[in-house]
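Comments concern the structure below.
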Ligand SMILES: Nc1ncnc2c1ncn2[C@@H]1O[C@H](COP(=O)(O)OP(=O)(O)OP(=O)(O)O)[C@@H](O)[C@H]1O
Ligand SMILES: [Mg+2]
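Protein chains in written order, with the working numbering: chain A, 71 to 378; chain B, 5 to 243.
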């Protein structure tokens, strides 16, 4: 497959791509699907009515990976894509998504990925997503993902999302509805710098008995960047919900966190933890006693914190 | 040799924290500093590692005045310091910390050898995060292990016994005894533990920011144990 150099660079950053994808994938570049491949257990079908794909993951998939990266390599691209994941009962799949936006001119570019997950009873999906922005252009790099997940009885969805700077503006909107015994685990890490802004909103409905959500958000705001975090966990039945928003500020970075818990059953057990502050001085000092400079120590602490 | 020459330390929040301390720490020897709580032991360790800068006096490392060098520069010159209170890090694993400390990537074997000295199994711990999920004693032992993995010439341990079970403590004593056989390395341990005082070459007692007693183990330890200087040993803990 002949690829644009910038696309290659993005793929290396956001996936473990090293020249080919083994198994199922769909590769999007500047608003078009430029290549895709099915596997025995994963079928990718182009949508008829709008841009995007349906991804069907059969019950036979067991630990298989499907890649759906999106690359924007130039200025003035407005990409909107609808991707629906249909995960059959009993399937076990890893979905590697992610998006890189590169601008070289004054016009901005954006990528809006609208993802819907339908997990049937007893299925298991791990969703990994990495977002990056880069390029010399002054055009804004914007990534606005919308995620909706329906998690069936006993199904498990794990989401690991990572945004490591270079994205000028992002609005992340994540909603999930959980059935009986379903489980949702979200680990989100966001780093912003300069004049970047990031907003992330979670709404989780724990509708089924004994459903659970564990939502961990780690953010680092540097420069003059601003981040907004909000989460709403609704517990209507016996269920457990935990959310944690941990933020490190440096320079003039700002983080506003607004977590909300709504329990309408006495058996709903919901917890929220939040901590916002600068890096603990003793952490920097400790690493300096191991020979790192102050800057190296800060980098290590932030990289560890974000799981980068 | 690492020498403190009439070192004084005043902090904004506390005057005369260290009140004129002179002390030589010799390679191939184990020097133990002991003394009552609040006497200034940790402050002295922080002065050596560069966390505090002396208000007056000098710190000499093999003759070079390092009193105003940064923490990083002192670390690079071969000073290592195990904190009394270990620091936790969200997201940094034991393996990463050991690798930062040693300055190199580390094989599982090497990690095993180092963690074994503090009674931990590498396989079980190397991928654990150095965060609040570790117990106090585990944190303390990992703190000591990171310092043991440093290629350092002057090594300071601040109350390594604190919170450590007897079994691990025994292997720790072995590790200290091995270390002190190395003619190129100088060991300074702050401790209240008789077993550590027993393996010392030199002992200094610090109280109210001053050295009140110092000398070889044979000179100082008997006095400490019989309490003739007014200290009352309690069990195996001396202060
Ligand atoms: N940053 C500080 N500001 C104010 N007072 C301090 C500061 N650091 C230490 N002190 C005080 O100085 C004294 C010496 O403290 P230091 O920690 O050196 O004692 P120590 O001998 O290590 O005691 P311990 O055996 O309890 O560990 C104590 O009274 C302590 O409260
Ligand atoms: Mg102390």
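Here a beta-carbon is modelled for each residue, glycine too, at the ideal position from N, C-alpha and C.
Every value quoted in this text rests on a predicted model; they were computed, and no experiment measured them.
(Q) Spatial neighbours of residue 365/A within its chain, please: C-beta separation below 7 Å, excluding the five flanking residues on both sides. (A) none
Q.
Quick check on residue 272/A - is its C-beta less than 8 Å from some C-beta in chain B?
A. no
Q.
If I follow the unbroken alpha helix (DSSP H) through residue 264/A, where does it start and stop?
A. Neither: residue 264/A is in no alpha helix (DSSP H) and is coded neither H nor E.
Q.
Considering only heavy atoms of ligand 2, does any lie closer than 7 Å to the CB of residue 50/B?
A. no
Q.
Is there a Cβ of chain A sitting closer than 8 Å to that of residue 85/B, yes or no?
A. yes
Q) So what's residue 88/A in DSSP terms, helix, strand or just coil? A) coil
Q) Among residues of its own chain, excluding the 5 on either side of residue 386/A, which ones have a beta-carbon nearer than 7 Å to its beta-carbon? A) Only positions 71 to 378 of chain A appear in this structure, which leaves residue 386/A out of reach.
Q: May I ask you to verify whether the segment 344-357 of chain A touches the segment 19-27 of chain B, counting CB pairs closer than 8 Å and requiring at least 3?
A: no
(Q) Counting only Cβ-Cβ distances shorter than 8 Å, please list the residues of the segment 153-178 of chain B near chain A, keeping chain order. (A) 154
Q) Excluding sequence positions up to five away, which residues of its chain have a Cβ less than 7 Å from the Cβ of residue 135/A? A) 93, 164 and 166
Q) Hey, out of 160/B, 224/B and 195/B, whose CA is closest to residue 79/B's CA? A) 160/B
Q: Provide the residue(s) that pair with residue 148/A in DSSP beta bridges, ordered along the chain.
A: 180/A
**Q.** Beta-carbon spacing of residue 192/A, residue 169/A below 8 Å
**A.** no
**Q.** Cutoff 8 Å: residue 93/B Cβ touching any chain A Cβ
**A.** yes
Q.
I need the residues with a C-beta less than 7 Å from some heavy atom of ligand 3; please give them in chain order.
A. Of the ligands one can find in the structure shown, namely ligand 1 and ligand 2, none is ligand 3.
Q: Compute the beta-carbon to beta-carbon distance between residue 155/A and residue 188/A, rounded to the nearest angstrom, for a pair I have assumed lies under 8 Å.
A: 7 Å
Q) Within this structure, are the beta carbons of residue 86/B and residue 151/B separated by less than 8 Å? A) yes
Q | Closer than 7 Å at the beta carbon, the chain B residues around residue 352/A | A | 91
Q | CA-to-CA distance, residue 142/B to residue 237/B, given in whole angstroms | A | Residue placement at residue 237/B is poorly supported in this model, since its pLDDT is 47, which falls under 50; the coordinates are not used for a value here.
**Q.** Where the segment 28-57 of chain B meets chain A: residues whose CB sits under 7 Å from a CB there
**A.** 53 and 55
Q) For the candidate residues 294/A, 222/A, 226/A and 231/A, whose alpha-carbon lies nearest to that of residue 216/A? A) 231/A
Q. If you measure from the beta carbon of residue 120/A to each beta carbon in chain B, is any gap under 8 Å?
A. no
Q) From residue 453/A to residue 353/A, what does the alpha carbon distance come to, in whole angstroms? A) Here chain A comprises residues numbered 71 to 378, so residue 453/A is not present and cannot be evaluated.
Q: Give the interface partners of residue 190/B over in chain A, defined as CB-CB distance under 8 Å, in chain order.
A: Under the 8 Å cutoff, chain A gives no residues; its nearest Cβ is about 17 Å from residue 190/B.
Q. Which residues mark the beginning and the end of the beta strand (DSSP E) in which residue 199/A is found?
A. 194-204
(Q) Strictly below 7 Å CB to CB, what residues from chain B border residue 319/A? (A) Those do not exist, as residue 319/A stays about 15 Å from chain B at its closest Cβ, beyond 7 Å.
Q.
Relative to the C-alpha of residue 42/B, which candidate in 207/B, 227/B and 194/B has its C-alpha closest?
A. 194/B
**Q.** Cβ-based neighbour list, residue 202/B, same chain, cut-off 8 Å, excluding 5 preceding and 5 following
**A.** 221 and 225
Q. When every heavy atom of ligand 1 is checked, does at least one fall within less than 7 Å of the C-beta of residue 17/B?
A. yes
Q. Helix or strand or just coil, what does DSSP make of residue 324/A?
A. strand
Q: Determine the direct distance from the alpha carbon of residue 130/A to that of residue 111/A, and round the result to whole angstroms.
A: 6 Å
Q: Can you tell me the Cβ-Cβ gap for residue 145/B and residue 98/B, rounded? I've got them flagged as a contact below 8 Å.
A: At roughly 10 Å, the Cβ-Cβ gap does not stay under 8 Å, so residue 145/B and residue 98/B are not in contact.
(Q) Distance cutoff 8 Å, beta carbons only. Does residue 107/B sit that close to anything in chain A? (A) yes
(Q) Give me the subset of the segment 357-371 of chain A whose CB atoms are less than 8 Å from a CB atom of chain B, sorted by chain position. (A) 357, 358, 359, 360, 361, 362, 363, 364, 370 and 371
(Q) I need the straight-line Cα distance from residue 341/A to residue 185/A, nearest angstrom please. (A) 27 Å
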